[in-house]
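Residue numbers for the sequence shown follow the numbering used here, so the first one is 455 and each next one is one higher. Heads up, the beta-carbon is just placed ideally off N, CA and C, and yes, glycines get one too. Structure first, commentary second.
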Amino acid sequence: MYREKEEFKEAQLVITNANAKKHYAYSFDLAQFPNIRIQQIKNLDKVGLTFDPETSSICGVPNMALTMDLHLVFINTLEENPTEDIKIIPFIVNADPKDLWLNKPSNQNDLYAKVDSDKYAGAFLDKRIVVASQRGRSHAHEGSFRDDHFYVSALPEAWAVVAVADGAGSAKFSRQGSKIATEYLVKTFDNEVLLHELNDLCLAYYTTAPAEAVPPAPKDDQPVSAATTNIVNEPIEEVVKAETAEECLLKVKSSIINILYKSVRDVHAKLVEFAKQEDILLKDLNTTLIFALVKKFDFGYVVLTFGVGDCPINVVIGDLQEVHLLNLLDIGEFGGGTRFITMPEIFSHSDMPLRFAINRFDDFSKLMLMTDGIYDAKFITENKLEDKERWNTFLQDLGGQNEDGAKVDFLTDEHIKDQLLTWLDFWSKGNHDDRTLAIIY
């Protein structure tokens with residue numbers, strides 16, 4: 455019996471490493487030592503773990519990273535009066551990768567200061583919207599500002615708009631660029647006369663235009679982008695006098711896009727004006743911009759969108775019966791060189807009309823706008839943005855199926871903006887950019 459104790463004491467016993475803040479479980483295999491019983495393990499309490507002598511197992515969630523020696527107190531059950539002995543084995547609790555990143559607050563007294571996170575929840579037409587924006591770990595580690603921004607507003611004529619922007623990390627004052635882009639964009643649409651005109655144009659596009667004029671892709675959820683670079687703005691009376699049904703539809707479409715185009719041009723002009731006023735370079739304000747301008751008509755929801763940069767806008771129909779990307783992304787051909795609303799050349803490029811889209815949906819379950827801090831981590835490539843399987847995984851992730859157990863509850867949504875902000879803190883190796891996600895549901 456003494457020999458068994460000595461053999462156990464001298465045996466090379468290696469237990470698996472634990473990871474801080476993650477559940478840990480380990481059971482000792484004592485088959486070679488049938489008469490050895492581990493009574494307790496000293497030092498486990500230092501990291502918040504416990505030992506069960508009945509099952510010879512360790513379990514719990516380590517609360518810190520640590521390297522230490524565990525003292526296994528054991529006996530030989532064959533001894534008439536068992537005496538305790540101790541076996542020492544090394545044990546490592548690896549650090550949580552998140553803990554290796556500092557979280558320095560930004561200087562709120564600095565020029566163009568911005569809060570490190572932001573959140574919003576409220577009504578959006580007859581639906582709800584939640585938006586959260588979180589400073590990326592790369593910025594938090596340095597104590598620099600969040601470059602993302604968002605703005606949501608109800609508008610006259612029963613329209614509503616949400617705008618999201620991702621300021622370029624390489625631009626000195628992109629945090630201000632994204633703020634101006636989103637807030638001024640919304641301001642340009644806060645115009646009753648303009649939105650009344652947009653009402654009439656949308657009605658003409660979807661109800662007045664003859665059926666034969668509709669392009670051969672009549673599904674409600676199919677994106678309809680501009681087909682011409684000739685942006686016009688003719689009175690509605692002239693539009694309806696078009697010689698052919700096809701020309702009528704094209705003129706109405708062009709007029710709708712022209713309204714959106716003018717707002718986007720005004721945003722660019724505002725950024726130019728601000729740069730001159732502040733005596734800074736326009737590129738110091740570099741920022742992407744996406745928006746969705748939405749209204750519910752008798753014939754369904756009209757969703758007007760625009761995008762420059764690498765931030766996607768997606769719509770989910772029903773229980774993932776359909777999922778569609780609603781904007782042009784500046785990736786692929788322009789990979790590594792994202793375009794910004796501050797760039798004058800985007801307005802003369804042939805793809806400018808393709809940045810606008812006109813869509814109608816009978817209904818939708820989710821309309822989402824996200825910055826690349828979400829897209830890069832959760833979808834990785836553009837083709838996955840219309841992949842139902844990837845979207846199913848993403849929605850399950852939002853529903854709490856993730857390693858943090860962070861859940862966004864769309865049914866009982868009293869605390870939804872805080873839940874979304876918490877969810878944005880997910881860990882994704884190599885993805886530490888700002889994260890902004892807007893969800894209309």
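_Can you tell me whether K541 is helix, strand or coil according to DSSP?_
strand
*How many Å lie between Q855 and D879 at the Cα?*
14 Å
*Cβ-Cβ distance between E637 and Y605 below 9 Å*: yes
*Would you be able to state if there are at least three C-beta pairs under 8 Å between the stretch 612-620 and the stretch 745-757?*
yes
_Local Cβ density within 10 Å of A811, reported as buried at 16 or more and exposed below that_ = buried
*Going by other Cβ atoms of all chains shown within 10 Å of its Cβ, with 16 needed for buried, is V647 buried or exposed?*
exposed
*Under 6 Å Cβ to Cβ from T759, same chain only, skipping five residues before and after it: list those, please.*
A746, I767, L780, N781, A811
*In this structure, does DSSP put R589 in helix, strand or coil?*
Three-state result, R589: coil.
*Go ahead and label V693 buried or exposed: buried means 16 or more other beta carbons lie within 10 angstroms of its beta carbon, across all protein chains shown.*
Note that V693 has pLDDT 44, beneath the 50 cutoff, so the model's placement of it is unreliable and no number is given.
_As a quick exercise: from P798, V777, L783, Y566, pick the residue whose alpha carbon is nearest that of L736._
P798
*Apart from the five residues on each side of it in sequence, which residues of its chain come closer than 6 Å, Cβ to Cβ, to K730?*
In its chain, beyond the 5 residues on either side, no residue has a beta carbon closer than 6 Å to the beta carbon of K730.
*Three-state secondary structure (DSSP) of W613*: strand
*Which residue comes first and which comes last in the alpha helix (DSSP H) that contains A746?*
Looking at the DSSP string, A746 is not in any alpha helix (DSSP H); the run it does join, the beta strand (DSSP E), is 743-751.
*Should T792 and S632 be called a contact, given that it needs their Cβ atoms to be closer than 9 Å?*
no
*asked:* Any beta carbon of chain C sitting closer than 9 Å to that of R814?
replied: The displayed structure is made up of one protein chain only, and chain C is not part of it.
_Comparing C-alpha positions only, which one of A831, R629, E843, A625 sits nearest to H603?_
Comparing Cα-Cα distances from H603 to each of A831, R629, E843, A625, the minimum goes to R629.
*Cα-Cα separation, D816 to G754*: 4 Å
*Figure out for me which residue from L839, D830, T835 has the closest Cα to the Cα of L821.*
The option with the nearest alpha carbon to L821 is L839.
_As assigned by DSSP and simplified to three states, the class of L821_ = strand
*Between which two residues does the alpha helix (DSSP H) containing S717 stretch?*
699-732
*Using only alpha-carbon positions, find the residue among I490, D733, A485, V515 that is nearest to N473.*
V515
*asked:* Quick check on this structure: which residue in K581, E700, A465 has the alpha carbon closest to the alpha carbon of I893?
replied: Among K581, E700, A465, the Cα nearest to that of I893 is on K581.
*Just to confirm, does K626 get its C-beta within under 8 Å of one of the non-hydrogen atoms of the ligand NAD?*
Ligands in the displayed structure: none, and consequently the ligand NAD is not present.
*Exposed or buried, N885, counting other C-beta atoms within 10 Å across all chains shown (16 or more means buried)?*
buried
*List the whole-angstrom C-beta distance separating N712 from T796, where the pair is believed to meet the contact cut-off of C-beta under 8 Å.*
Rounded, the Cβ-Cβ distance is 22 Å, inconsistent with contact.
*In the DSSP assignment, find the unbroken beta strand (DSSP E) run with N813 in it and report its ends.*
It spans 810-815 - the beta strand (DSSP E) in which N813 sits, taken as one unbroken run.
*asked:* Taking a contact to mean a Cβ-Cβ separation below 9 Å, would you say G590 touches R889 in this structure?
replied: Against a cut-off of 9 Å, the Cβ pair of R889 and G590 comes out as a contact.
*Per DSSP, the bridge partner or partners of G854*: Answer is none; G854 lacks a bridge partner.
*Inter-residue Cα distance where the pair is A831 and F578*: 27 Å
*Taking the runs of the beta strand (DSSP E) that are 3 residues or longer, which of them lie wholly in the stretch 494-520?*
Whole beta strand (DSSP E) segments, 3+ residues: 503-506, 511-514.
*Where does V640 sit, in a helix, a strand or coil, going by DSSP?*
helix
*Near P536, what residues of its chain come up, given a Cβ to Cβ distance below 7 Å and the 5 sequence neighbours on each side ignored?*
I529, N530
*So, is R457 buried or exposed, given that buried needs 16 or more other C-beta atoms within 10 angstroms?*
exposed
*With G827 as the anchor, note down where its beta strand (DSSP E) starts and where it stops.*
Element bounds for G827: not the beta strand (DSSP E) but the alpha helix (DSSP H), 826-832.
*For R889, does the three-state DSSP call read helix, strand or coil?*
It is a strand residue.
*Compute the Euclidean distance between the alpha carbons of E461 and K541, then round it to the nearest angstrom.*
11 Å
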